[in-house]
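Taking the numbering used here, the leading residue of the sequence shown gets 1063, the next gets one more, and so forth. Cβ atoms here follow ideal geometry from the backbone N, Cα and C, with glycine treated the same way. Working notes, structure below.
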Amino acid sequence: MRKTTLVTGGAGFLGSHLCERLLNYGHEVICMDNCFTGNKENIYHLMNNPRFEFMRHDITFSLYVEVDEIYNLACPASPIHYQLDPVQTTKTSVHGAINMLGLAKRVKAKIMQASTSEVYGDPTIHPQPESYWGNVNPIGRRACYDEGKRCAETLCFDYYRQHNLPIKVARIFNTYGPRMYMHDGRVVSNFIVQALQNEPITIYGQGEQTRSFCYVDDMIEGFIRLMDTEDEFTGPVNLGNSGEFTIRELAEKVLELTGSKSELIFEPLPEDDPKQRKPETKLAQEKLGWEPKIGLEEGLPRTIEYFDAYLKGKLFDA
Ligand code: NAD
Ligand code: UDP
Ligand code: UDP
């Protein structure tokens, strides 16, 4: 059945891939974004599709549209961007969630909230199961993002309990792929761009901290499967790849795959930078029948290809 779907943050990295996938399934898609970290370039290839509509709007203000489903992705996701205007970051998560939940309630839509592994903070349990309550510094520089997302989760569950709203909370772990913003400071895009330009690879700290990297196509499949679960299933559910790598290992893989001559340089570790992160993914396997299929060996070359074309100024239909 054709549905009308609202994707907030739809001009961003994950949002643009999601819009594309939903259109391929035959749905109507309203892509709402204020283009803070997203970019119309990401959705140019969708603009001529009659079932696609782009709306420039800031989610901290109310929005009146008629939709069947809402994927709430609007929020800057990289530390340098969410720390640029931390008050706006909290507003985007908290006021944004209130507005989207209010909209969902009025039109009786299902809503999926893009939460994050950052709700676990600097975790003391490894790997992180959904039952872990986290270890977040509430007054640090990452708090605008972490606490904003935690509060958005709280709001989802209160709308669920108070108003019977069908909600789905996805805790997204580090995801990478084509259309990541080149200058947003995230580790995969930084390393690839540095390697392709033979500039030094900036490792923060000693590079012993770990992350688990999920390729974008796997993540989008997870979103869609989560939205399609029965109404009783709310999550939160971890979505991520359980392959865990140190940041140094990632740098070495990028060097190998690009054949770059870049040297590794070491810079100070940012405040509250989590030391290790890896999702426990049993719940996603059980409830969504979902498991990531694309490892770094396959996903990194695709991402390198995208950035290589982008840097050469080639229009790239990723
Ligand atoms: P992104 O920065 O590419 O996309 C976010 C989009 O939200 C951008 O297009 C931006 O312009 C838009 N936006 C920001 N503030 C807005 C506002 N006030 N009103 C309307 N639009 C606004 O980041 P992404 O990686 O695509 O992340 C998408 C979502 O997934 C975010 O909610 C993020 O927190 C979450 N997430 C992503 C990752 C990851 O590794 N990519 C990990 C965990 C969680
Ligand atoms: N809202 C919106 N679109 C709608 C319905 C509501 O943006 O179609 C916003 C509106 O700003 C409202 C918020 O969602 O303040 C919360 O709505 P809710 O109905 O839960 O609460 P109330 O209207 O009582 O504040
Ligand atoms: N990082 C790094 N060099 C960079 C960018 C990031 O060593 O140029 C590190 C960062 O300190 C963190 C990890 O890589 O430990 C992942 O950073 P990212 O910003 O991509 O995501 P997050 O910290 O939100 O997981």
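For residue i, is the beta carbon positioned less than 7 Å from some heavy atom of ligand 2?
i	result
S1011	The chain is shown from 1063 up to 1380; residue 1011 falls before or after that span and cannot be answered.
Y1126	yes
R1287	no
L1165	yes
R1223	no
R1064	no
R1204	no
R1118	no
What does the alpha-carbon distance come out to for the pair residue i and residue j?
i	j	result
N1110	A1166	27 Å
E1215	K1323	44 Å
Q1259	K1340	30 Å
G1284	L1350	7 Å
E1333	L1301	25 Å
F1328	I1263	8 Å
K1211	L1108	29 Å
L1317	A1257	6 Å
L1163	E1314	43 Å
E1311	K1102	33 Å
S1179	F1116	29 Å
M1289	E1325	44 Å
P1240	A1371	10 Å
L1084	V1091	7 Å
L1125	N1161	7 Å
P1363	V1249	15 Å
T1343	Y1238	18 Å
A1171	V1129	7 Å
R1223	Q1268	45 Å
E1192	V1181	10 Å
F1123	L1319	44 Å
P1330	I1265	8 Å
G1361	Y1277	6 Å
P1148	F1369	29 Å
L1373	E1367	10 Å
E1306	S1251	18 Å
State yes or no: is the C-beta of residue i nearer than 7 Å to some heavy atom of ligand 3?
i	result
V1249	yes
T1264	yes
G1269	yes
I1309	yes
D1335	yes
P1324	In the sequence as presented, Pro is not what sits at residue 1324; that position holds Ser. Because no heavy atom of ligand 3 lies under 7 Å away, the Cβ of S1324 does not count as near it: no.
P1240	no
R1273	yes
S1140	yes
N1236	yes
P1332	yes
Could you please give me the residues that DSSP links to residue i through a beta bridge?
i	result
M1117	M1094
T1272	T1308
S1177	R1233
T1151	DSSP lists no partner for T1151.
N1197	G1183
Y1221	According to DSSP, which records beta bridges pairwise, Y1221 is partnered with nothing at all.
P1336	DSSP output for P1336 lists no bridge partner at all.
L1068	I1092, I1132
F1328	I1265
V1299	A1232
Q1190	P1341
Y1238	Y1277
K1172	E1131
Under the criterion of a Cβ to heavy atom distance below 7 Å, does residue i qualify as lining ligand 1?
i	result
G1077	yes
P1354	no
I1121	yes
P1112	no
D1095	yes
Should residue i be counted as a contact of ligand 4 given a C-beta to heavy atom distance under 7 Å?
i	result
N1161	Ligands present in the displayed structure are limited to ligand 1, ligand 2 and ligand 3, and ligand 4 is not among them.
On the criterion of 16 or more Cβ atoms from any shown chain inside 10 Å, does residue i qualify as buried, or is it exposed?
i	result
P1354	buried
R1064	exposed
T1186	exposed
L1080	buried
D1184	buried
G1321	exposed
E1209	buried
P1112	exposed
I1201	exposed
G1072	buried
W1352	buried
Q1347	exposed
Of all the CB atoms in chain C, is at least one closer than 8 Å to the CB of residue i?
i	result
G1183	Chain labels in this structure do not include chain C; a single protein chain is all it has.
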